[in-house]
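> This note's numbering numbers the first residue of the sequence shown as 4 and each following residue consecutively. For every residue, glycine included, the Cβ atom is placed at its ideal position computed from N, Cα and C.
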Amino acid sequence: MVDDNYGFCPHCGENVKSDAVYCPGCGAVLKQEAAQAQLYNAGATGKIPMRGMFLFAFVMLIIYTVLELISASSSLMFNEGMYDSFDKAFIDMFGMGFVDYMREYLGVVITKEEFISNMLTVGISGMISAFLAGASAILCYKRVKFKFAVGCCVLSAIVVMIGSALAPVVAGVTAGIFNMVAGLIVAYMIFSSKRYFEN
4 MVDDNYGFCP HCGENVKSDA VYCPGCGAVL KQEAAQAQLY NAGATGKIPM RGMFLFAFVM
64 LIIYTVLELI SASSSLMFNE GMYDSFDKAF IDMFGMGFVD YMREYLGVVI TKEEFISNML
124 TVGISGMISA FLAGASAILC YKRVKFKFAV GCCVLSAIVV MIGSALAPVV AGVTAGIFNM
184 VAGLIVAYMI FSSKRYFEN
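Pasting the structure below:
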């Protein structure tokens, strides 16, 4: 039996309740008068409430920005003293220092100085990526500068990939590719949500 209380979004085909004002899948306005009433009751901001992909993209940008700032800060603070503690932990666990472990078990030849340099590279690229993602999140929140919001998100993804490629021992190209793809997907979600923006 078909439930008369449900229908389909004409924009994306998502199953929606018959009294829904916005599509839960794509955020499209389904009932213009009800949407305008919601905006008026919310203080007539003129902004469609965040829904669907746009809301998900916004939340992902916030989470990524916070996590990347924490990670990048840790990488930037990494120094010789921290390396020595790190190396001692490897000796305690595996009976050999970090450099020897990397060469013996992973076939990676790297010096202490190169590792610290890699950490610095990851920290700088991570910080730049976090600021770009944060800028995109702010523009999404304010619903302005649509092209800049998408562009900042794309640049954030590219920067983190470059940082990972330049510091393969610390970050790894695979992790960089994963982060870049995830960032580009979020950028596409923002790109698909142009109707939420004022310009």
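Look at the alpha carbon of E83 and the alpha carbon of I119, and state the distance between them as a whole number of angstroms.
As a working mapping, residue 83 is identified with position 80 in the sequence shown. As a working mapping, residue 119 is identified with position 116 in the sequence shown. Their Cα atoms are separated by approximately 7 Å.
> Can you pull the DSSP bridge partners for N18?
Translated into positions along the sequence shown, residue 18 becomes position 15. BP columns for N18 point to F11.
> Using only the alpha-carbon positions, how far apart do I113 and L135 sit?
If you number the sequence shown from 1, residue 113 lands on position 110. If you number the sequence shown from 1, residue 135 lands on position 132. For I113 and L135, the distance between alpha carbons rounds to 31 Å.
> For the putative contact between S159 and S196, defined by C-beta atoms under 8 Å, what is the C-beta separation to the nearest angstrom?
Within the sequence shown, the letter at position 156 stands for residue 159. Within the sequence shown, the letter at position 193 stands for residue 196. About 17 Å; that fails the 8 Å criterion.
> So for V153, helix, strand or coil by DSSP?
Counted from its first residue, the sequence shown places residue 153 at position 150. Reduced to three states, the DSSP call for V153 is helix.
> Starting from M56 and walking both ways along the alpha helix (DSSP H), at which residues does that stretch end?
Walking along the sequence shown from the start, residue 56 turns up at place 53. Counting along the chain, the alpha helix (DSSP H) containing M56 begins and ends at 55-79.
> Could you check which residue in A31, A75, M80 has the C-alpha nearest to that of L58?
Residue 58 sits at position 55 when you count from the first residue of the sequence shown. The residue with the shortest Cα to Cα distance from L58 is A31.
> Kindly indicate which residue of M63, V172, K148, G166 has the alpha-carbon position closest to the one of L109.
Along the sequence shown, one-based indexing puts residue 109 at 106. The residue with the shortest Cα to Cα distance from L109 is V172.
> Return helix, strand or coil for V189, following the three-state DSSP convention.
Walking along the sequence shown from the start, residue 189 turns up at place 186. In this structure, V189 counts as helix in the three-state DSSP scheme.
> For C143 and F61, what's the separation of their Cα atoms in angstroms?
Translated into positions along the sequence shown, residue 143 becomes position 140. Translated into positions along the sequence shown, residue 61 becomes position 58. Taking the straight line joining both Cα atoms gives about 7 Å.
> Taking DSSP's pairing of strands, which residues face Y25 in a bridge?
Within the sequence shown, the letter at position 22 stands for residue 25. For Y25, which the question treats as bridged, DSSP gives the partners V32.
> Give the straight-line distance between the Cα atoms of E17 and C29, rounded to the nearest whole angstrom.
On the sequence shown, position 14 is the one that residue 17 refers to. On the sequence shown, position 26 is the one that residue 29 refers to. When rounded, the distance between both Cα atoms is 8 Å.
> Let me check understanding here. Comparing Cα to Cα, which of C15, G98, C156 lies closest to A185?
Stepping through the sequence shown from its first residue, residue 185 is reached at position 182. The residue with the shortest Cα to Cα distance from A185 is C156.
> Return the CA-CA distance between L187 and A178, expressed in angstroms with no decimal places.
As a working mapping, residue 187 is identified with position 184 in the sequence shown. As a working mapping, residue 178 is identified with position 175 in the sequence shown. One C-alpha to the other measures close to 14 Å.
> Could you tell me which of L169, I161, E116, I65 sits nearest to T124, measuring between CA atoms?
One-based indexing of the sequence shown puts residue 124 at position 121. When only C-alpha atoms are compared, the closest one is L169.
> Could you say which of S167, D103, F181, A190 lies nearest to S78 if we only look at CA atoms?
On the sequence shown, position 75 is the one that residue 78 refers to. Cα-wise, what sits closest to S78 is S167.
> Just to confirm, is the Cβ distance from M101 to D90 under 7 Å?
On the sequence shown, position 98 is the one that residue 101 refers to. On the sequence shown, position 87 is the one that residue 90 refers to. Note that residue 101 is Phe in the sequence shown, not Met. A contact, by the Cβ cut-off of 7 Å.
> Would A75 and M122 qualify as a contact pair, given that the criterion is a beta-carbon distance under 7 Å?
By one-based count along the sequence shown, residue 75 stands at place 72. By one-based count along the sequence shown, residue 122 stands at place 119. No, the pair does not count as a contact, with Cβ atoms beyond the cut-off.
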